[in-house]
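Trainee: The sequence shown begins at 8 in my numbering and counts up by one. Using N, Cα and C, we set each Cβ at its ideal position, and we do this for glycine too. Keep in mind it's a predicted model, so treat the numbers as computed, not measured.
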Amino acid sequence: MGLPLQDGTSSCLVPPPGCRMLGRGAEKSGSPLTQSPYHSGGFMKVRYILALAAAAALLLPEMATAQRAGSIELGAVGNYLLYDDEIGIENAPGIGGRAGLYILPNLSVEVDWTYAEPDLTDPPGYQGRTQVVHELIQTRLLYNLWFGENTALLLGGGYTYDNYSTPRRLAARGGGPGGLVGLRYRFSERFSMRLEGIGYYVSADDATVGIARPETFNLGAQAGLSLMLRDRTETQIVELPAPPPDTIVVEREVEPELPEGTPTQICLATGENVTVYITPQGDTLVGPRRVSVQNLGPGVAFAGEYAEGRSWFVNDEPVDFEDIEYLRSGGEVSLDCANIMRVGEFGGVPLFANVGSERPFETLYVPVRPGVWQAYQTDLAQVRGN
8 MGLPLQDGTS SCLVPPPGCR MLGRGAEKSG SPLTQSPYHS GGFMKVRYIL
58 ALAAAAALLL PEMATAQRAG SIELGAVGNY LLYDDEIGIE NAPGIGGRAG
108 LYILPNLSVE VDWTYAEPDL TDPPGYQGRT QVVHELIQTR LLYNLWFGEN
158 TALLLGGGYT YDNYSTPRRL AARGGGPGGL VGLRYRFSER FSMRLEGIGY
208 YVSADDATVG IARPETFNLG AQAGLSLMLR DRTETQIVEL PAPPPDTIVV
258 EREVEPELPE GTPTQICLAT GENVTVYITP QGDTLVGPRR VSVQNLGPGV
308 AFAGEYAEGR SWFVNDEPVD FEDIEYLRSG GEVSLDCANI MRVGEFGGVP
358 LFANVGSERP FETLYVPVRP GVWQAYQTDL AQVRGN
């Protein structure tokens, strides 16, 4: 069936013989336009545009690592659209290009154009056609939200325009709000890849010429490659006056005098002698800076393991060594490490004997604290404690 026109004729979407159609395709059968110039030449036009974009990618200046105001984005894009059932066409892929201009850092104004030839849901159409031509133009504000060195979240919104060259249950043209969510991955300072989901809404309009436009909502997925460009800024060289002559101040740090003290060697539990200094007040100074032992923190200690504070030493227990029992003999003494040698261990503390003595040893020496030793002997008749 056709729609009545003012001149008494009618238009139709799938016309019977002799029915006249509005817009493109109203020519008689056999004219050049009835052979669907979009169908035969549409993709030739796309290939020409992509060739120009590839040539521009080789000639234009290098991309910066970040999107700043004035940067330009050019790219090729392919999509797959899920058409609303009201349109009467099948889901179909499309191909095209995009261009964008960054007006603020990471915020651009861009335009996408794609071309598709979806199949009719209920063919044949006018003059036996099985396809229609669909051109989709998307304009938006696009923001790049970077969350890694090379990855950004894309958020966009704007106006989307539909152009159906051979309509089927839909007005030839219409548009409405559209949105985009996607990801950008940057391969290098020049090229990046984009993966996106899109959606746009077209409101109903009963006043469209020829046929009323129903309310539709279309979804789609897009993928594309982009080339980022920006203007090169001229480097300005500012000549500064020569600085005044430098004033060199030489400071000499004078080491403070070391505290006075008499050098004395003490024998440690490691079997090594170290030098300390004894002040007239009786304080012991250690180290190159002659620091008082009293000023050393609890985390600073002399090397070696000592008997002071150990239960067997505090309780005056005998020392068992090589199946022989040694008892404490005499008071605490100072020794020269050159005159003793390490022969074993008892209770976690090393045992020493006089250099040159033979087993079984008559006397053993136990380090009580740095520089202080206690003798142990096998002679039970030895007077102890003096």
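Ends of the beta strand (DSSP E) at VAL340?
Mentor: The sequence position of residue 340 within the sequence shown is 333, counting from 1. 331 to 340 is the extent of the beta strand (DSSP E) around VAL340.
Trainee: Using a Cβ-Cβ cutoff of less than 7 Å, which residues in the same chain neighbour VAL350 once the five nearest sequence positions on both sides are dropped?
Mentor: Here residue 350 is taken as the residue at index 343 of the sequence shown, counted from 1. Counting only Cβ-Cβ distances below 7 Å, and skipping sequence neighbours, we find LEU358, PHE359, ALA360 and PHE368.
Trainee: With DSSP collapsed to three states, give me the class of ALA106.
Mentor: Here residue 106 is taken as the residue at index 99 of the sequence shown, counted from 1. Note: ALA106 maps to strand in three-state DSSP.
Trainee: Could you check whether the region 104 to 121 touches the region 134 to 154, counting it as contact only if at least three pairs of C-beta atoms, one from each stretch, sit closer than 8 Å?
Mentor: yes
Trainee: I'd like the span of the beta strand (DSSP E) that includes VAL375, first residue to last.
Mentor: Locating residue 375 in the sequence shown gives position 368, where the first residue counts as 1. Element bounds for VAL375: 370 to 376.
Trainee: Looking only at its own chain, which residues have a Cβ that is under 8 Å from the Cβ of ASP327, when we skip the five neighbours before and after it?
Mentor: Taking the sequence shown and counting its residues from 1, one reaches residue 327 at position 320. So the list reads TYR333 and PHE353, once near-sequence residues are dropped.
Trainee: Which one of GLY101, VAL373 and GLY77 has the shortest CA to CA distance from ARG317?
Mentor: What you label residue 317 is simply residue 310 of the sequence shown in a count that begins at 1. Comparing Cα-Cα distances from ARG317 to each of GLY101, VAL373 and GLY77, the minimum goes to VAL373.
Trainee: In three-state DSSP terms, what is ALA211?
Mentor: Residue numbering aside, residue 211 sits at position 204 when the sequence shown is read from its first letter. In the three-state DSSP reduction, ALA211 falls in the coil class, being neither helix nor strand.
Trainee: Short of 8 Å in beta carbon distance, which residues of its chain neighbour ASP126, apart from the five on each side in sequence? Order them along the chain.
Mentor: Numbered from 1 along the sequence shown, position 119 holds the residue referred to as residue 126. The residues are ILE96, GLU97, ALA99, THR137 and GLN138.
Trainee: At a cut of 8 Å, does the region 213 to 232 reach the region 244 to 259 through at least three beta carbon pairs?
Mentor: Taking 8 Å as the limit for Cβ pairs, the verdict is that the region 244 to 259 does not touch the region 213 to 232.
Trainee: What are the boundary residues of the alpha helix (DSSP H) that includes VAL356?
Mentor: Numbered from 1 along the sequence shown, position 349 holds the residue referred to as residue 356. That residue, VAL356, is in no alpha helix (DSSP H); its beta strand (DSSP E) goes 356 to 361.
Trainee: Run through DSSP, which three-state label would ALA314 get?
Mentor: Position 307 of the sequence shown, counted from the start, is the residue given in the question as residue 314. Three-state DSSP puts ALA314 in coil, outside helix and strand.
Trainee: Report the three-state DSSP secondary structure of ALA99 (helix, strand or coil).
Mentor: Counting from 1 along the sequence shown, the entry for residue 99 is found at position 92. Three-state result, ALA99: strand.
Trainee: When DSSP builds the beta bridges, which residues end up paired with ARG6?
Mentor: For residue 6 there is no data in the structure shown, the boundaries of the chain being 8 and 393.
Trainee: Would you report the Cα separation of LEU111 and THR128, rounded to the nearest angstrom?
Mentor: Translated into the one-based positions of the sequence shown, residue 111 becomes position 104. Translated into the one-based positions of the sequence shown, residue 128 becomes position 121. Rounded to whole angstroms, LEU111 to THR128 spans 44 Å at the Cα level.
Trainee: Relative to the C-alpha of ASP91, which residue among GLU222, LEU275, GLU80 and ILE273 is closest?
Mentor: In the sequence shown, residue 91 corresponds to position 84, counting from 1. Residue GLU222 is the option with its Cα nearest to ASP91.
Trainee: By the 10 Å Cβ neighbour count, where 16 or more other Cβ atoms means buried, how is THR269 classified, buried or exposed?
Mentor: Against the sequence shown, residue 269 aligns to sequence position 262. Burial call: exposed.
Trainee: Buried or exposed for PRO130, please, with buried defined as at least 16 other CB atoms from any protein chain shown within 10 angstroms of its CB.
Mentor: Mapped onto the sequence shown, residue 130 falls at position 123. Exposed, because fewer than 16 other Cβ atoms sit within 10 Å of the Cβ of PRO130.
Trainee: Is LEU89 near GLY101, with beta carbons less than 8 Å apart?
Mentor: For the purposes of this step, residue 89 is taken as the residue at position 82 of the sequence shown. For the purposes of this step, residue 101 is taken as the residue at position 94 of the sequence shown. Their beta carbons are not under 8 Å apart, which means LEU89 does not touch GLY101 by this criterion.
Trainee: Grab me the residues of GLY306's own chain with a C-beta within less than 6 Å of its C-beta, minus the 5 sequence neighbours each way, in chain order.
Mentor: For this step, residue 306 is matched to residue 299 along the sequence shown. Residue placement at GLY306 cannot be trusted, given a pLDDT of 47 that sits under 50; what the coordinates show is reported in the next sentence. Excluding sequence neighbours, GLY306 sits near nothing in its chain.
Trainee: Label SER172 either buried or exposed according to how many other C-beta atoms from any shown protein chain fall within 10 Å of its C-beta, with 16 as the threshold for buried.
Mentor: As a first step, residue 172 must be located in the sequence shown, where it is residue number 165. Label assigned to SER172: buried.
Trainee: Given a cut-off of 8 Å, decide if SER341 and GLY378 are closer than it, judged by their beta-carbon atoms.
Mentor: Along the sequence shown, read from residue 1 onward, the residue named residue 378 stands at position 371. Along the sequence shown, read from residue 1 onward, the residue named residue 341 stands at position 334. Yes, they are a contact pair.
Trainee: Please go through the same chain and pick out, in chain order, the residues whose beta-carbon is closer than 8 Å to the beta-carbon of TYR313, but skip the five residues on each side of it.
Mentor: Counted from its first residue, the sequence shown places residue 313 at position 306. Cβ within range, chain order: ALA276, VAL356, PRO374, VAL375, ARG376 and PRO377.
Trainee: How about THR158 and LEU187: are their beta carbons less than 8 Å apart?
Mentor: Start at 1 with the first residue of the sequence shown, and residue 158 comes out as number 151. Start at 1 with the first residue of the sequence shown, and residue 187 comes out as number 180. Cβ distance not < 8 Å, so THR158 and LEU187 don't count as in contact.
Trainee: Taking ALA382 as the reference, give the member of ILE347, SER364 and GLU339 with the closest Cα.
Mentor: In the sequence shown, counting from the first residue as 1, residue 382 sits at position 375. Cα-wise, what sits closest to ALA382 is GLU339.
Trainee: For SER233 versus GLY82, is the C-beta spacing smaller than 8 Å?
Mentor: Translated into the one-based positions of the sequence shown, residue 233 becomes position 226. Translated into the one-based positions of the sequence shown, residue 82 becomes position 75. Against a cut-off of 8 Å, the Cβ pair of GLY82 and SER233 comes out as a contact.
Trainee: My output table needs one value for ALA382: the three-state DSSP class, helix, strand or coil.
Mentor: On the sequence shown, residue 382 is found 375 positions in, with the first residue counted as 1. ALA382: strand per DSSP, three-state reduction.
Trainee: Apply the 10 Å Cβ neighbour rule to ASN86 and answer buried if 16 or more other Cβ atoms are within range, or exposed otherwise.
Mentor: To locate residue 86, count along the sequence shown from 1; it is residue 79. It is buried - the Cβ of ASN86 has at least 16 other Cβ atoms within 10 Å.
Trainee: If I'm right that PHE224 touches GLY206 with Cβ under 8 Å, what's the distance once you round it to whole angstroms?
Mentor: Translated into the one-based positions of the sequence shown, residue 224 becomes position 217. Translated into the one-based positions of the sequence shown, residue 206 becomes position 199. With a Cβ gap of about 7 Å, PHE224 and GLY206 count as contacting.
Trainee: First and last residue of the beta strand (DSSP E) that includes ARG147?
Mentor: Taking the sequence shown and counting its residues from 1, one reaches residue 147 at position 140. Segment 141 to 153, the beta strand (DSSP E) holding ARG147.
Trainee: Between GLU279 and CYS344, what straight-line distance do the alpha-carbon atoms span, to the nearest angstrom?
Mentor: Here residue 279 corresponds to residue number 272 of the sequence shown, with the count starting at 1. Here residue 344 corresponds to residue number 337 of the sequence shown, with the count starting at 1. Whole-angstrom Cα-Cα distance: 6 Å.
Trainee: Taking Cβ positions, are ASN346 and VAL321 nearer each other than 8 Å?
Mentor: In the sequence shown, the residue the question calls residue 346 occupies position 339. In the sequence shown, the residue the question calls residue 321 occupies position 314. No.
Trainee: Taking buried to mean at least 16 other C-beta atoms within 10 Å of its own C-beta, is GLY107 buried or exposed?
Mentor: One-based indexing of the sequence shown puts residue 107 at position 100. GLY107 comes out buried.
Trainee: With a threshold of 16 other CB atoms inside 10 Å of the CB of GLU34, please say whether the residue is buried or exposed.
Mentor: Within the sequence shown, residue 34 is the residue found at index 27, counting from 1. Low confidence applies to GLU34: its pLDDT is 36, below 50, so where it sits in the model is not reliable enough to give any reading.
Trainee: With distances taken from CA atoms, which of THR254, ALA179, TRP319 and PHE154 is nearest ALA214?
Mentor: As a first step, residue 214 is located in the sequence shown; it is residue number 207 there, counting from the start. Nearest of THR254, ALA179, TRP319 and PHE154 to ALA214, Cα basis: ALA179.
Trainee: How far does the beta strand (DSSP E) with ARG366 in it reach, from first residue to last?
Mentor: Numbered from 1 along the sequence shown, position 359 holds the residue referred to as residue 366. Here ARG366 belongs to no beta strand (DSSP E), and DSSP marks it neither H nor E.
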